[in-house]
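Undergrad:
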Amino acid sequence: MSIASATFDGLWNHYEMWSAIVGGFTFLWLAHHSLVYRSKDVDDDWEDIDGIEVGVFPKHNDDLKLELAWTIVPFILIVWLTYYSWGPINEVWASPDDPDSMYGLECGTEGHDPNKCYHTIGITAQQWFWSFDCNGLDADICDSSEYQDLNGTMVPVLKLKQGEYFYANLSSEDVTHAPWFVKFGVKEDAVPGLHSALWIAPTCETANCGGDEGESTLLLCTEYCGDDHAYMAAIVNVHNN
Amino acid sequence: MMKRRSFIQTFAILVIVGLALNLAPEADSLPSGIGGQSEKGCICHGAIPDSGVTPSITGLPDTFTASTTYTLTVSFTGGPSGTDANPMNLGGFNLAASSGTLEAIDEWVRVENGEAVHNGIDDDANNDGVDDAVAAGGTPITSGNDFTSWTVNWTSPESGSTTFNLAVNSVNGDGVASADDKWNTMSVSVSGPSSGVAAEPLEPADPFVVLATLIIVSGLLLGIVILYTFYRANPDGFSWEAFAPWITEWLTSTDHKKVGTLYFLAGFFFLGVGGIMAMLIRVQLAVPGNDFLTQDQYNQFFTMHGTVMIFLAAMPLINGFANWLIPLQIGAADLALPRINAMSFWLQPVGALLIFTGIFSGAAADTGWTGYAPYIVSETAHSGTTMWVAGQIMLVASSTLTGINFLTTICAMRAPTMGWMQMPLFTWSIFVANLMLFISIPAWGVGLIQVYLDRTIGTAFYHVASGGDPLLWSHLFWYFGHPEVYVVIVPAFGIISEVIATSARRSVFGYRSMVYAMAGIGIVAFIVYGHHMFTSGMSPTLRFVTMLTTMLVAVPTGIKIFNWLKTMHKGSLIYRTHTLWALGFLVTFTLGGISGMFFPSLAMDTHLHETYFVVAHFHYVFVGGTVFGMFAGIYYWFPKMSGKMMDENWGLLHFLTAFISFNGIFWPMHKLGVMGMARRHHTWFVSVDEYTNIPAEMASWNLFISVSAFLFFFSNFILIGNMIKTIVSGKKAPADPWGGWSFEWMCTSPPPTPSFDPHNLPVLHDANEYHEEEPGKFAQWFTGLMVPEDDSEVSH
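Line by line, the protein sequences give chains A and B.
By the numbering used here, the letter at position 39 of the first sequence is numbered 224, and the numbering carries on one by one without gaps.
By the numbering used here, the letter at position 246 of the second sequence is numbered 280, and the numbering carries on one by one without gaps.
This is the structure:
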């Protein structure tokens with residue numbers, strides 16, 4: 186399922202597979218026991234398997250091996266899922282000063298690799314607008330000068346070039362907000378008085394990236410911020426022009 | 035014959051429900067909402083009207099004459115217009131008449147598609163504050179948007195009534211669209227002489243009025259039930275003089291059973307209130323761009339829905355079970371601190387009144403149940419937030435007292451023959467839940483008091499400009515909030531353990547591992563809360579640690595699910611309504627548990643956080659887990675509480691309709707969340723030519739969810755009906771209708787007061803060959819901490 190980033194898709198598909206296995210195993214077991222072990226008795230004349238009697242603590246019904254089995258096997262599975270989820274963390278929290286990260290160093294700084302470097306931009310939130318600062322980057326890499334109508338509200342348009350990496354410094358002028366780049370599958374809180382940042386790797390769904398127009402998707406606010414929270418949006422346009 | 039008829043009835047109901055669920059998604063939702071220029075003013079001036087702008091229409095007659103021309107003056111006052119020294123770009127208008135003809139009088143107005151609008155140009159295109167024509171050396175240009183008042187002619191129709199919709203913009207004249215520009219709208223109707231019988235158009239219902247009406251109706255119904263219960267208590271000796279003592283006995287009782295019943299009444303009442311709010315929310319979200327609720331109302335409703343459901347419905351219902359059952363299950367005459375118990379309860383309705391104060395004034399808390407800082411202390415948060423916080427502080431006090439009471443009771447008042455490892459699993463679940471609550475809730479209490487002081491006397495715990503720290507609230511809230519999730523689910527685990535074992539006629543499989551798993555969940559609950567803050571900007575190290583610990587929750591939860599399944603192995607499963615709910619719980623809680631495993635995977639959480647995937651997950655846990663567990667408990671213990679057997683056919687109908695419609699509500703939400711539907715949003719966006727978001731074909735699911743929500747809401751009235759029917763005309767219940775083993779089944783149904791004779795407490799026997807008479811090392815250590823009964827300090 187291609188929904189957000191390739192990272193998200195990879196994790197999603199893996200988790201979906203294990204969900205199906207665990208869920209299928211559990212539900213088959215449940216269905217089997219629900220049907221096979223139905224009481225054959227009539228009304229209140231039931232068969233007491235363990236001789237349950239009121240006022241008597243029932244005899245133990247346990248099996249240490251089985252109980253250990255469904256302690257250890259799920260534990261191994263979650264260790265595996267933790268390990269599997271570990272790798273992509275580097276994409277979310279790469280250090281901007283680490284030349285070996287997937288984003289490299291900032292373009293234009295000393296020692297940067299022209300084939301693997303990132304641009305720094307700024308995202309400022311306030312009730313209930315987004316402001317983008319392209320930090321003087323060429324307009325074909327980052328542009329935030331346009332506005333567009335979104336269901337009756339004029340919202341800013343952030344144009345980013347496909348294949349480039351962006352490190353967005355987040356700030357808020359009032360309360361906590363959170364930009365969610367819906368199709369890139371990333372979000373981070375912009376907390377007043379606290380520095381936070383977000384890695385953005387703009388990607389396109391179509392081979393030609395929407396042609397001359399580029400591909401547009403939404404940026405929504407995902408930390409509740411008051412009256413117009415739902416309409417605090419922006420349009421993110423990705424192009425390869 | 036009866037069985038065949040019952041089968042046909044059940045089959046017919048299933049067909050109807052199936053048809054309803056299948057037909058619902060076929061309906062089309064509006065692709066782009068209903069917003070338009072005439073309703074929202076100029077499209078560039080924000081999404082909500084501003085009451086500071088006052089539109090007006092003068093020149094309208096009280097009753098118009100047929101085919102007569104009237105000159106109308108359209109104007110506005112207020113807003114930023116006119117604050118600029120240069121009278122440029124002051125504002126605009128849009129006037130629509132439902133009948134008759136509008137006509138422009140001068141060049142400042144034009145008529146388009148039958149609607150009159152100002153005829154304007156931007157005479158300061160470069161935004162330098164100077165008229166462009168003046169800057170070029172010419173005379174100022176005057177255009178329609180340089181005015182705040184315009185005139186138009188309206189020629190009336192032959193008959194009927196006409197409704198005028200007027201939208202006006204008041205702008206600051208800087209030529210740039212911003213939040214400073216405001217707009218508002220008004221509507222007025224005029225009748226013609228020959229239309230005396232014409233019906234006035236209905237005003238849209240105010241959702242607050244809808245809510246208030248439904249709450250009042252619910253309150254009246256509750257009152258009727260109470261009065262009817264009074265009548266039924268002694269129909270032959272009915273006398274109004276006896277009512278005051280009767281009701282006083284209920285209101286001042288310290289008997290654990292009566293306080294438990296009060297908890298149930300309060301819990302069910304608020305479950306209904308929270309449900310009504312959920313229905314209003316679902317009407318709003320049924321189609322994109324809907325304006326049934328304003329943003330302002332919507333924000334209040336989802337805040338109150340969460341608050342009510344968790345603190346005023348789930349918690350009281352759990353306390354209802356605990357009050358009723360803990361003394362009965364451990365063989366005690368009552369709780370250890372009966373008056374504290376009554377006080378715990380009565381703090382709740384008082385706290386609820388405080389929380390609802392804002393609703394009554396139309397400015398309820400709009401912070402979300404999480405009340406994140408710094409929004410909660412900001413000026414934009416509603417004034418009702420202060421009373422919401424005050425009410426929550428009372429609930430904290432209530433929960434703390436409850437925790438003390440149950441922990442003391444379970445530790446000190448078990449029947450002498452009942453060891454720790456012989457307690458029924460429901461009692462264990464209440465012990466673990468209250469221990470968690472007792473340890474976690476003080477942190478939240480501290481946070482609430484800080485917020486209250488910030489909002490009232492101007493302290494600065496959370497005011498960023500004064501050095502406050504917004505993340506402190508998140509830590510304090512979630513240190514409590516995550517264990518709170520387990521506080522409401524662990525008692526459901528206890529109920530399910532009892533119900534499945536009894537229904538399968540087996541001892542619960544792995545009693546000890548069940549206890550250790552609950553204790554494990556109780557411990558892990560305190561070290562996982564950081565997963566609610568993965569995107570908060572907190573330390574990556576802390577985020578990483580909580581990613582690891584959160585994964586661990588699956589282990590004890592998995593143990594419980596597998597133990598329940600193994601309990602059924604080689605059993606003799608007797609299908610009653612409580613059995614169905616327990617099996618339904620296993621399905622929905624397992625699904626909720628599986629979806630919960632997606633969040634600790636951090637790179638996935640950065641997408642799923644604050645989406646409908648989260649909404650789906652926690653409703654599968656809260657409703658599919660806690661509520662379904664409580665439904666199982668109600669059908670299981672209602673005969674014990676009321677002394678009457680519930681109707682199993684009604685129970686089956688309740689289970690089928692509620693289980694199907696519940697999944698109809700929350701299963702599609704997973705997909706909607708992944709596709710791009712954010713939670714706490716007044717509306718949602720479908721993909722159009724200009725941008726992509728939720729695919730248009732997925733949008734029908736929202737309508738489907740809303741239809742399912744109404745089915746679920748009304749299906750629960752079957753339970754209420756069943757309870758009333760049972761009390762009125764149910765078959766008398768025996769002491770142990772299901773064949774349970776614990777002490778509550780030794781009592782009569784309903785149990786006497788006191789529940790057990792303090793001088794003749796019940797004796798628990800043990801079916802196991804080896805019964806450890808002496809307490810173990812842990813029990814010895816724990817007993818050593820307690821004050822001995824013959825201690826001289828307490829004996830005098």
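By construction, the Cβ of each residue, glycine as well, lies at the ideal position given by its N, Cα and C atoms.
#1: Helix, strand or coil, according to DSSP, for R713 of chain B in the structure here?
#2: Return the CA-CA distance between G337 of chain A and Y416 of chain A, expressed in angstroms with no decimal places.
#3: State whether the segment 526 to 540 of chain B contacts the segment 593 to 606 of chain B, with contact taken as three or more CB pairs (one from each stretch) at a distance under 8 Å.
#4: Using 8 Å as the limit for Cβ to Cβ distance, is P525 of chain B near chain A?
#5: For a quick check, are the C-beta atoms of P590 of chain B and I628 of chain B less than 8 Å apart?
#6: For K765 of chain B, which residues of its own chain have a beta-carbon under 6 Å away from its beta-carbon, when the five flanking residues on both sides are left out?
#7: Would you mind listing the alpha helix (DSSP H) stretches within the segment 665 to 724 of chain B that are 4+ residues and don't spill past its ends, in chain order?
#8: Cβ of F351 of chain A less than 8 Å from any chain B Cβ?
#9: Is the beta carbon of S190 of chain B closer than 8 Å to that of F98 of chain B?
#10: Between which residues of its own chain and K836 of chain B is the CB-CB distance below 7 Å, once the five residues before and five after are set aside?
#11: Restricting to runs no shorter than 3 residues, where is the beta strand (DSSP E) found entirely within the segment 309 to 367 of chain B?
#12: Would you say K604 of chain B lies against chain A (beta-carbon separation less than 8 Å)?
#13: Tell me whether the beta-carbon of Y670 of chain B lies closer than 8 Å to the beta-carbon of G685 of chain B.
#14: Could you pull the start and end residues of the beta strand (DSSP E) that P364 of chain A belongs to?
#15: Can you list the residues of chain A that M585 of chain B reaches, using a CB-CB cut of under 9 Å?
#16: Specify, as a first and last residue, the run of the alpha helix (DSSP H) that I491 of chain B falls within.
#17: Measuring alpha carbon to alpha carbon, tell me which of B:T103, B:M122, B:N218 and B:P269 ends up nearest N187 of chain B.
#18: Apart from the five residues just before and just after G296 of chain A, which ones in its own chain have a Cβ nearer than 7 Å to its Cβ?
#19: Find out if the Cβ-Cβ distance for the pair H799 of chain B, V241 of chain A is shorter than 8 Å.
#20: Between the segment 771 to 778 of chain B and the segment 421 to 440 of chain B, are three or more C-beta pairs nearer than 8 Å?
#21: Look up R144 of chain B in the DSSP assignment and say whether it is helix, strand or coil.
#22: Where do the ends of the beta strand (DSSP E) carrying W384 of chain A lie?
#23: Where F738 of chain B and T282 of chain B are concerned, what is the direct C-alpha to C-alpha distance, given to the nearest angstrom?
#24: Under 8 Å, Cβ to Cβ, is there at least one residue of chain B near E408 of chain A?
#25: Taking C-beta pairs closer than 8 Å, name the residues in chain A that V621 of chain B reaches, listed in chain order.
#26: For V258 of chain A, does the count of other Cβ atoms within 10 angstroms reach 16, so buried, or fall short, so exposed?
#27: Anything in the segment 233 to 251 of chain A with a Cβ closer than 8 Å to a Cβ of chain B? List those residues in chain order, please.
#28: Just to confirm the assignment, what range does the beta strand (DSSP E) spanning G125 of chain B have?
#29: Looking at the secondary structure, which residues open and close the alpha helix (DSSP H) in which D166 of chain B lies?
#30: Under the three-state reduction of DSSP, which class applies to W403 of chain B: helix, strand or coil?
#31: Taking Q333 of chain A as part of the beta strand (DSSP E), name the residues at either end of that continuous run.
#32: Checking the sheet assignment: what are the DSSP bridge partners for F314 of chain A?
#33: Should S224 of chain A be flagged as near chain B, meaning a C-beta pair shorter than 8 Å?
#34: Measure the Cβ-Cβ separation of G112 of chain B and T88 of chain B and say whether it is below 8 Å.
#35: On a Cα-Cα basis, can you pick out the residue from B:V317, B:L296 and B:S721 that is closest to M709 of chain B?
#36: Would a check of beta-carbon distances place H715 of chain B closer than 8 Å to chain A?
TA: Put simply:
#1: coil
#2: 10 Å
#3: yes
#4: no
#5: no
#6: M679
#7: 682 to 709
#8: no
#9: yes
#10: Absent from the model: residue 836 of chain B. The displayed extent of chain B is 35 to 830, so no value can be given.
#11: none
#12: yes
#13: no
#14: P364 to F366
#15: I263, V264, L266, T267 and S270
#16: Counting along the chain, I491 of chain B falls outside any alpha helix (DSSP H), and DSSP gives it neither H nor E.
#17: B:T103
#18: P284 and L290
#19: yes
#20: no
#21: strand
#22: S381 to I385
#23: 47 Å
#24: yes
#25: F212 and L215
#26: exposed
#27: D233, I234, D235, G236, I237, E238, V239, G240, V241, F242, P243, K244, H245, N246, D247, D248 and L251
#28: G125 to A131
#29: D166 to A169
#30: coil
#31: C327 to L335
#32: A:Q311
#33: yes
#34: yes
#35: B:S721
#36: yes
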